[in-house]
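Chemist: Mind having a look at this structure? Questions to follow.
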Amino acid sequence: MRELLPYLKLYKKHWFGLSLGMILGFLTLFASIGLLTLSGWFLSAAAVAGLTIARETFNYMLPGGGVRGLAMGRTAGRWGERVVSHNATFKLLTDLRVYFYEKLTPLIPGRVGVLRDADLLNRLVADVSAMDHVYLRLISPVILSVLGITCLSAFLMWFDYDIGLTLGAILMALVIIWPVLFYKLGKGNGQRLTQNRADLRIYALDWIEGHSELLLFGAEKRYRQKIDQAQMALMTNQAINAHITGLANALLLLANGFTLILILWLSADGIGASGPSPLIALVVFAALASVELLMPIAGAFQYLGQTLASARRLNEVIGAEADVQFPAHTHSPVFANNQGCDIQFQEVSFAYSADNNAPLAVDNMTLNIARRSKVAILGKTGSGKSTLLQLLTRYWDVQQGQISIAGQPLNTFCETELRQLISVVSQRVDILNGTLRDNLLIAKPNADDSELAATLVNVGLGELMNEQGLNQWLGDGGRQLSGGEKRRIGIARGVLHNAPILLLDEPTEGLDRSTESQIMALLEQHYQNKTVIFVTHRLVGLAHMDNIVVLEQGKLVEQGQHSALLKQQGRYYQLHQSL
Ligand code: ATP
Ligand code: MG
142 MRELLPYLKL
152 YKKHWFGLSL
162 GMILGFLTLF
172 ASIGLLTLSG
182 WFLSAAAVAG
192 LTIARETFNY
202 MLPGGGVRGL
212 AMGRTAGRWG
222 ERVVSHNATF
232 KLLTDLRVYF
242 YEKLTPLIPG
252 RVGVLRDADL
262 LNRLVADVSA
272 MDHVYLRLIS
282 PVILSVLGIT
292 CLSAFLMWFD
302 YDIGLTLGAI
312 LMALVIIWPV
322 LFYKLGKGNG
332 QRLTQNRADL
342 RIYALDWIEG
352 HSELLLFGAE
362 KRYRQKIDQA
372 QMALMTNQAI
382 NAHITGLANA
392 LLLLANGFTL
402 ILILWLSADG
412 IGASGPSPLI
422 ALVVFAALAS
432 VELLMPIAGA
442 FQYLGQTLAS
452 ARRLNEVIGA
462 EADVQFPAHT
472 HSPVFANNQG
482 CDIQFQEVSF
492 AYSADNNAPL
502 AVDNMTLNIA
512 RRSKVAILGK
522 TGSGKSTLLQ
532 LLTRYWDVQQ
542 GQISIAGQPL
552 NTFCETELRQ
562 LISVVSQRVD
572 ILNGTLRDNL
582 LIAKPNADDS
592 ELAATLVNVG
602 LGELMNEQGL
612 NQWLGDGGRQ
622 LSGGEKRRIG
632 IARGVLHNAP
642 ILLLDEPTEG
652 LDRSTESQIM
662 ALLEQHYQNK
672 TVIFVTHRLV
682 GLAHMDNIVV
692 LEQGKLVEQG
702 QHSALLKQQG
712 RYYQLHQSL
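All residue numbers for the sequence shown refer to the numbering used here, where the first residue is 142 and numbers rise by one.
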């Protein structure tokens, strides 16, 4: 149950709506039970009065009005209760989703890298939704039942102490037995249901996302079968749930039937000290109506296992510590000091896995990059070039050593300032589902359309604006981009962002020669006053670089200027020769 604590705390903020919902729920219950009880008594009393002299004095109007009033009260109460409690729970869910997002964002990419997209989606949607069950199906019905039973027993005890007490004791026993019994019965199935629902989403999303690949390799059918199997499993869980609900309701009605007989038997000789009277009908109908108090909790507790499983899945995300934590403010901002932006890597080591034997992606690297210098990083695929850039943007944190910018350790910069200091053209450019404008504005939110259009023309993507200008929709449901076009969107973003440090991760990979030289000319013009780190496989234009660094398996094996390195006839020379 401890799993639910973080969510119960969120309830506090909406205490008013949630409590009002419960009060209205109580009034509805009162009206419903009162209606049956009063009607039972009224019919019998009216019949008895009809047979006696009392027919002349019997007040038909007041109980009749009471019955009407309770009937209308029940309808209005139920409507009000639904509106108020749903409003409160939807607000609660909104808060919960925001809370979940706030906890989730810092965990990307380190902690949630192991979760699949579909699984994360499922946690965000289904598991968060399951949290409103805690209030709607568990807390509220239990409180209402206990309160209702107490009031009903007290009311009946006023007429007949023993009967009121007996009915109260039986109902209390049922309120304790049903939740425990059906929690146990539904627990295993509920947990499997939560897991199977997540599996179904994972398989379905895999199938949609990889559909063209699956078709090409003839694997589509196999994947579809997986979806079918997951769906069957989920439907089986749902069927079991329905059976358990049916059983809970049926047994409750049975228990109510027996209780009714018992109460009838106990009240047969009359209520309290008086002999047989219409009050018997009042008590018996009250016992009959008491089932209303228990119905909401009859099947509800079978969902507790499911809710707990969802809470556990959410807690895995909410409870995780972010690997990379930024301070709220930068102590001495680099911009204010105007110190320029040199970069130092001091004995930096990093491995992707915490395992001691894991290979180091960056191995004891020491590298000084003077402000406004241009550095090229070369190395075979997998030698750690992109990782080095990601360490500088704190996508990951170093495990040993230190990186500093302008003499300040990287972890003293707040996130906003670090992002303002560095522009990145990453190796894999992601296109958001949105317009061309949206896709560029992420790099410079205050840019106007003419600046965006000019940048697009500079990177050779002017044609993208031919039909709908910057409103051209990209990504899902819109215009798809080729690999080279995506790359140039990445470059346009880097140019727009215009920070003092520019990181380029193979920006011209996959571009033809003439586009490449156009882009390089643009970048060189843009470089001028910046510190540039340029990761590349192509050995063209390196003579202009201030420093060339060669990496091998995460280690810096050589550095120097183009001509010096060629003279040295080491790794760089070999790379040069092999092309
Ligand atoms: P390329 O030239 O192909 O882009 P690279 O030099 O940029 O290669 P990196 O991407 O830095 O290489 O990868 C260095 C090593 O770290 C590789 O062995 C790679 O498999 C591994 N690696 C990269 N990203 C991850 C990750 N997220 N989790 C685990 N290992 C990773
Ligand atoms: Mg790379």
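Glycine included, each C-beta is placed from N, C-alpha and C at the ideal position.
Determine the burial state of A305: buried for a count of at least 16 other Cβ atoms within 10 Å of its Cβ, exposed for fewer.
Modeler: According to the sequence displayed, residue 305 carries Gly and not Ala. It is buried - the Cβ of G305 has at least 16 other Cβ atoms within 10 Å.
Chemist: Who are the near neighbours of D268 in its chain, counting only those whose CB is closer than 6 angstroms to its CB and skipping five residues on each side?
Modeler: Around D268: S451, R454, L455.
Chemist: With a cut-off of 8 angstroms on the beta carbons, I'd call I660 and P641 a contact; round off their distance for me.
Modeler: That pair is no contact at about 21 angstroms.
Chemist: For the ligand ATP, enumerate in chain order all residues having a CB closer than 5 angstroms to any of its heavy atoms.
Modeler: In chain order, the qualifying residues are Y493, A502, T522, G523, S524, G525, K526, S527, T528.
Chemist: Taking the alpha-carbon positions, what's the R238 to D260 distance?
Modeler: Cα-Cα distance, rounded: 15 angstroms.
Chemist: Do A422 and L184 have their CB atoms nearer than 8 angstroms?
Modeler: Contact flag set, yes.
Chemist: Just to confirm my understanding: we take G601, look at its own chain, exclude 5 residues before and 5 after, and list those with CB closer than 7 angstroms. What are they?
Modeler: Hits under 7 angstroms: R629, T656, Q659.
Chemist: In the DSSP output, which residue or residues are listed as bridge partners for P740?
Modeler: Since the first and last residues shown for the chain are 142 and 720, residue 740 lies out of range.
Chemist: I558: buried (16+ other C-beta within 10 angstroms of its C-beta) or exposed?
Modeler: The amino acid at residue 558 is misidentified as Ile; the sequence shows Glu. Per the 10 Å Cβ criterion, buried.
Chemist: When you compare only the Cα positions, how much space is there between T553 and P586?
Modeler: Rounded to whole angstroms, T553 to P586 spans 25 angstroms at the Cα level.
Chemist: Is it the case that the CB of D646 approaches a heavy atom of the ligand MG more closely than 7 angstroms?
Modeler: At least one heavy atom of the ligand MG is nearer than 7 angstroms to the Cβ of D646, so yes.
Chemist: Under 8 angstroms between the Cβ atoms of S514 and T672?
Modeler: Yes, the Cβ-Cβ distance between S514 and T672 is below 8 angstroms.
Chemist: Tell me the rounded alpha-carbon separation between D646 and H678.
Modeler: Answer to the nearest angstrom: the Cα atoms are 10 angstroms apart.
Chemist: Examine the ligand MG and report whether any of its heavy atoms sits within less than 7 angstroms of the Cβ of Q694.
Modeler: Checking every heavy atom of the ligand MG against the Cβ of Q694, none is found closer than 7 angstroms.
Chemist: CB of Q568 to nearest heavy atom of the ligand MG: below 7 angstroms?
Modeler: It does: the Cβ of Q568 is within 7 angstroms (strictly closer) of some heavy atom of the ligand MG.
Chemist: First and last residue of the alpha helix (DSSP H) that includes T400?
Modeler: Residues 361-408.
Chemist: Would you mind working out which of L308, N688, E488 sits nearest W406, comparing C-alpha positions?
Modeler: Minimum Cα distance to W406 is reached at L308.
Chemist: Could you have a look at I572 and say whether DSSP puts it in helix, strand or coil?
Modeler: In the structure shown, I572 sits in coil (DSSP, three-state: anything other than H, G, I, E or B).
Chemist: Flag L297 as yes if its beta-carbon sits less than 8 angstroms from any beta-carbon of chain B, otherwise no.
Modeler: Absent from the structure is chain B; it holds one protein chain and no more.
Chemist: Counting along the chain, where does the alpha helix (DSSP H) carrying E657 start and finish?
Modeler: Residues 654-668.
Chemist: Going along the chain, which unbroken runs of the alpha helix (DSSP H) with 4 or more residues stay wholly within the region 404-457?
Modeler: Whole alpha helix (DSSP H) segments, 4+ residues: 420-430, 432-439.
Chemist: Thinking C-beta only, is F300 closer than 8 angstroms to L265?
Modeler: Contact: no.
Chemist: My understanding is that L445 touches Y324, with C-beta atoms under 8 angstroms, so please give their C-beta distance in whole angstroms.
Modeler: Indeed they touch by this definition, with Cβ atoms about 5 angstroms apart.
Chemist: Taking Cβ to Cβ, would you say V636 is nearer than 8 angstroms to T596?
Modeler: Contact: yes.
Chemist: Could you give the first and the last residue of the continuous alpha helix (DSSP H) run that contains T193?
Modeler: Note, T193: premise wrong, no alpha helix (DSSP H); not H, not E.
Chemist: Taking D347 as the reference, give the member of G625, Y364, G460 with the closest Cα.
Modeler: For D347, the nearest C-alpha among the options comes from Y364.
Chemist: I'd like to check one pair, N337 with A374: are the Cβ atoms closer than 8 angstroms?
Modeler: Yes.
Chemist: Measure the alpha-carbon distance for D258 versus I249 and round it to whole angstroms.
Modeler: Going by the C-alpha atoms only, they are around 12 angstroms apart.
Chemist: Could I get the ranges of all uninterrupted alpha helix (DSSP H) runs contained in the region 221-309, with 4 residues as the minimum, in chain order?
Modeler: Listed in chain order, they are 258-263, 281-300.
Chemist: Give every residue of the same chain whose Cβ lies closer than 8 angstroms to the Cβ of L582, excluding the five residues on either side of it in the sequence, and list them in chain order.
Modeler: Closer than 8 angstroms at the Cβ level, and outside the excluded window around L582, lie A588, L593.
Chemist: Assign H155 to one of two classes, buried (16 or more other C-beta atoms within 10 Å of its C-beta) or exposed (fewer than that).
Modeler: Its Cβ being crowded by 16 or more others within 10 Å, H155 is buried.
Chemist: Looking only at DSSP bridge pairs, what is L632 linked to?
Modeler: For the sequence presented, residue 632 should be read as Ile rather than Leu. Its beta-bridge partners do not exist; DSSP assigns none.
Chemist: Do you know whose CA, among T198, S180, L234, lies nearest R209's CA?
Modeler: It is S180.
Chemist: Beta carbon of P320, beta carbon of F442: below 8 angstroms?
Modeler: For P320 and F442, yes; Cβs fall inside 8 angstroms.
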